[in-house]
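Report on the structure given below.
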Amino acid sequence: MRYGKDAGRGTLSVWGGEEHVFAENTTQVPVYLGVAHAYEDVDEWKDVALGKKAGHIYGRNTNPTVHVFEEKVRLLEGAEAATSAATGMGIISGVLCTFLAPGDRVVSVKDTYGGTSVMFREFLPRQGVVCSLRDTTDHEAIEKELSRGCKLLYLETPTNPTIKIIDIARLAKAGHEAGAVVVVDNTFATPINQNPIELGADLVLHSATKFLGGHADVLGGVVCGKKDLVKKIYHYREINGASLAPMSAYLLLRGMKTLSLRVERQNENAMAIARFLEAHPGIDRVFYPGLESHKGHDIAIRQMRGFGGMMSFTLKGNSFETVRKFLSKLRLAHKAANLGAVETIAGVPATTSHVECTADERKVLGIPESLVRYSVGIEDTKDLIQDLTQALDGI
Ligand SMILES: *Cc1c(COP(=O)(O)O)cnc(C)c1O
């Protein structure tokens, strides 16, 4: 091994999963595009197919490039096993379909990612799964709901787009008492800032499309956790066919080399910008867990090493018209639906996280129409603050 058991996340971002010596001694992970792996020896083929010997058979099931990506995330999350999918929703729907059958109850919160919320509100109920969604920060209500029996507890923290914080350790304990599998969507925090497994979760998943890839040029999803649970998810995924493509895995690996560097910079930038915005007269509210004024600040301090690159805020006046003007003035940001990239990205929930919801549904969810979601990039802090200043002055 090149590094010890206590290797830091910077080292794991660079070296994790890359112990293998690849063909021709190349130092970089090759992109294995071959769909199938051939065996002259039928007995060996059989052993690999049965999992008695390491190796690969068919691209929908496993692939060497994809495997290195899964290993890197597994190591960063401190998990036993990992498997992946073509997108974040590919892995999320896979996890839900693996563990939930007609009559089962799943407990989750109202602020899950828009696509996940559609699973709970539309597709799972259609399969006869009872989905109970509680107020995101009402820990007592979630615990009460869990005590009624629950097959799966699904959490996400920090949440999208109002950056709420859920106490993972507390609810993982309550989930386990109810006999539930505890899942956490760790996309916003990244494994650099938060490790849900360490806090008691059974499974942690990511939309790798966001911070893991970090360059807004590739889609992917990954889940890690206990071996027996991951094996079941993998079994569903190999049949459902939403496998991560080798070229995508390569791009994710390339992006992840700098994961630790990027996230540390995003943590710093976001903290400085949150303080700046909080003090600005044109701003109504700032949602960032690093601020003492944030309702989940105490929990965040306990379970996060950094507060992340995601924040949101509302403008004085709380009208969509003001937001439209503000966004049109903002220069140093893509106005786009994604997040977690090296570039700063700004958007409104109506076109990003909750594009799947109607205006009425967003109102019920407590998402102000004037909310701006701001994904902080790795630019210089002073330049971002300057840009925000001129945009706020211009409205
Ligand atoms: C984007 C996102 C997803 C979905 O990921 P895709 O890769 O777009 O399918 C899930 N959860 C969170 C928190 C996200 O931000």
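Heads up: the sequence shown begins at 7 in this note's numbering, then just goes up one per residue.
All C-beta atoms in this analysis are idealised placements derived from N, C-alpha and C, irrespective of residue type, glycine included.
(Q) I'd like to confirm something about Phe-194: is its beta-carbon nearer than 7 Å to some heavy atom of ligand 3, or not? (A) Absence of ligand 3 from the depicted structure is noted, with ligand 1 being the only ligands included.
Q | Residue range of the unbroken beta strand (DSSP E) whose run includes Val-378 | A | On the sequence shown, residue 378 is found 372 positions in, with the first residue counted as 1. Counting along the chain, the beta strand (DSSP E) containing Val-378 begins and ends at 377-381.
Q.
Which same chain residues end up closer than 7 Å to Asn-67 when comparing Cβ atoms and leaving out the 5 residues on each side of it in sequence?
A. Taking the first residue of the sequence shown as 1, we reach residue 67 at position 61. Within the same chain, Asn-67 has close Cβ partners Glu-244.
Q: State the beta-bridge partners of His-212 as determined by DSSP.
A: Taking the first residue of the sequence shown as 1, we reach residue 212 at position 206. BP columns for His-212 point to Val-228.
Q) With a CB to CB cut of under 7 Å and the five nearest residues on each side skipped, what residues in its chain are close to His-221? A) As a working note, residue 221 is residue 215 in the sequence shown. Closer than 7 Å at the Cβ level, and outside the excluded window around His-221, lie Gly-261, Ala-347, Val-348.
Q: Can you grab the Cα-Cα spacing for the pair Gly-314 / Gly-296, in whole Å?
A: If you number the sequence shown from 1, residue 314 lands on position 308. If you number the sequence shown from 1, residue 296 lands on position 290. Taking the straight line from one Cα to the other gives about 9 Å.
Q. Which word fits Tyr-64, buried or exposed, when buried means at least 16 other C-beta atoms lie within 10 angstroms of its C-beta?
A. For this step, residue 64 is matched to residue 58 along the sequence shown. Exposed: under 16 other Cβ atoms inside 10 Å.
Q) Which same chain residues, not among the five before or five after Ala-85, have their C-beta less than 6 Å away from its C-beta? A) On the sequence shown, residue 85 is found 79 positions in, with the first residue counted as 1. Here the set comprises Ile-203, Cys-230, Gly-231.
Q) Comparing alpha-carbon positions, which option in Gly-61, Ala-55, Ser-90 lies nearest Val-72? A) By 1-based counting over the sequence shown, the position of residue 72 is 66. Nearest option by C-alpha distance: Ser-90.
(Q) Does the structure place the stretch 109-125 close enough to the stretch 281-301 that three or more beta carbon pairs sit under 8 Å? (A) no
(Q) What does DSSP give as the partner residue(s) for Val-348 in the beta ladder? (A) In the sequence shown, the residue the question calls residue 348 occupies position 342. Paired residue(s): none; Val-348 is not in a bridge.
Q: Measuring alpha carbon to alpha carbon, tell me which of Phe-326, Leu-345, Tyr-242 ends up nearest Leu-225.
A: The sequence position of residue 225 within the sequence shown is 219, counting from 1. Taking only the C-alpha atoms, the option nearest Leu-225 is Leu-345.
**Q.** N-terminal and C-terminal residue of the alpha helix (DSSP H) that Glu-162 is part of
**A.** Locating residue 162 in the sequence shown gives position 156, where the first residue counts as 1. Glu-162 -> not in any alpha helix (DSSP H); beta strand (DSSP E) instead, spanning 158-162.
Q. Roughly how many angstroms lie between the CA atoms of Gln-133 and His-241, to the nearest whole one?
A. Translated into positions along the sequence shown, residue 133 becomes position 127. Translated into positions along the sequence shown, residue 241 becomes position 235. For Gln-133 and His-241, the distance between alpha carbons rounds to 20 Å.
Q. How about Val-378 and Phe-332: are their beta carbons less than 8 Å apart?
A. One-based indexing of the sequence shown puts residue 378 at position 372. One-based indexing of the sequence shown puts residue 332 at position 326. Cβ atoms of Val-378 and Phe-332: closer than 8 Å.
Q. With respect to 7 Å, is the separation between the Cβ of His-104 and the closest non-hydrogen atom of ligand 1 below this value?
A. Reading the sequence shown from its first residue, position 98 is the one you call residue 104. Before going further, note that residue 104 is Thr rather than His in the sequence given. No, since every heavy atom of ligand 1 falls outside the 7 Å radius drawn around the Cβ of Thr-104.
**Q.** Range covered by the beta strand (DSSP E) that runs through Arg-403
**A.** Look at the range of the chain in this structure, 7 to 401, and you will see that residue 403 is not part of it.
Q) Could you give the distance in angstroms between the alpha-carbon of Thr-364 and the alpha-carbon of Gly-23? A) For the purposes of this step, residue 364 is identified with residue 358 of the sequence shown, where counting begins at 1. For the purposes of this step, residue 23 is identified with residue 17 of the sequence shown, where counting begins at 1. Roughly 43 Å between the two C-alpha positions.
(Q) Does the CB of Ala-339 have a neighbour CB from chain C at under 8 Å? (A) As a matter of chain content, chain C is missing from the structure shown, which is built from one protein chain.
Q. Is there at least one non-hydrogen atom of ligand 1 closer than 7 Å to the beta-carbon of Leu-345?
A. Taking the first residue of the sequence shown as position 1, residue 345 is located at position 339. Answer for Leu-345: yes, Cβ within range of ligand 1.
(Q) I'd like to know whether the C-beta atoms of Ala-248 and Gly-96 end up nearer to each other than 8 Å. (A) Taking the sequence shown and counting its residues from 1, one reaches residue 248 at position 242. Taking the sequence shown and counting its residues from 1, one reaches residue 96 at position 90. Yes.
Q: Please determine, among Leu-159, Thr-193, Pro-164, the residue with the shortest C-alpha to C-alpha distance to Ala-180.
A: For this step, residue 180 is matched to residue 174 along the sequence shown. Of Leu-159, Thr-193, Pro-164, the residue nearest in Cα terms is Leu-159.
Q.
Measuring only from the beta carbon, is Lys-116 closer than 7 Å to any heavy atom that is part of ligand 1?
A. Position 110 of the sequence shown, counting from 1, holds the residue named residue 116. Lys-116: no, Cβ never under 7 Å from ligand 1.
Q: Going by DSSP, name the residue or residues bridged to Cys-137.
A: Taking the first residue of the sequence shown as 1, we reach residue 137 at position 131. Cys-137 is bridged to Val-112.
Q: Less than 8 Å between the CB atoms is what I'm expecting for Phe-319 and Leu-283, so what's the real figure, rounded?
A: In the sequence shown, counting from the first residue as 1, residue 319 sits at position 313. In the sequence shown, counting from the first residue as 1, residue 283 sits at position 277. Confirmed, about 5 Å.
Q.
Below 7 Å, is the gap between the Cβ of Asp-191 and the nearest heavy atom of ligand 1?
A. Translated into the one-based positions of the sequence shown, residue 191 becomes position 185. Yes, ligand 1 has a heavy atom inside 7 Å of this Cβ.
Q.
Comparing C-alpha positions only, which one of Ile-391, Asp-191, Ser-254, Val-37 sits nearest to Gly-121?
A. Residue mapping note: residue 121 aligns to position 115 of the sequence shown, counting from 1. Looking at the Cα atoms, Asp-191 is the closest of the given residues.
Q.
Can you list, in chain order, the residues of its chain with a C-beta nearer than 7 Å to that of Ile-373? Leave out the 5 residues immediately preceding and following it.
A. As a position in the sequence shown, residue 373 is number 367, starting the count at 1. Only Pro-167, Thr-168, Pro-355, His-360 meet the Cβ criterion.
Q | Segment limits, alpha helix (DSSP H) that includes Met-95 | A | As a position in the sequence shown, residue 95 is number 89, starting the count at 1. It spans 94-105 - the alpha helix (DSSP H) in which Met-95 sits, taken as one unbroken run.
Q: May I ask whether a heavy atom of ligand 1 can be found less than 7 Å away from the beta carbon of Ser-153?
A: Position 147 of the sequence shown, counted from the start, is the residue given in the question as residue 153. No; taking the cut-off as 7 Å, the Cβ of Ser-153 has no heavy atom of ligand 1 nearer than that.
Q: Enumerate in chain order the residues of its own chain whose CB-to-CB distance from Pro-252 is below 7 Å, with the five nearest sequence positions on each side excluded.
A: Translated into positions along the sequence shown, residue 252 becomes position 246. Closer than 7 Å at Cβ, skipping near neighbours: Val-37, Tyr-38, Leu-39, Asn-69, Thr-71, Val-72.
Q) Across which residues does DSSP place Thr-320 in a beta bridge pair? A) The residue given as residue 320 occupies position 314 in the sequence shown. According to DSSP, which records beta bridges pairwise, Thr-320 is partnered with Arg-291, Leu-377.
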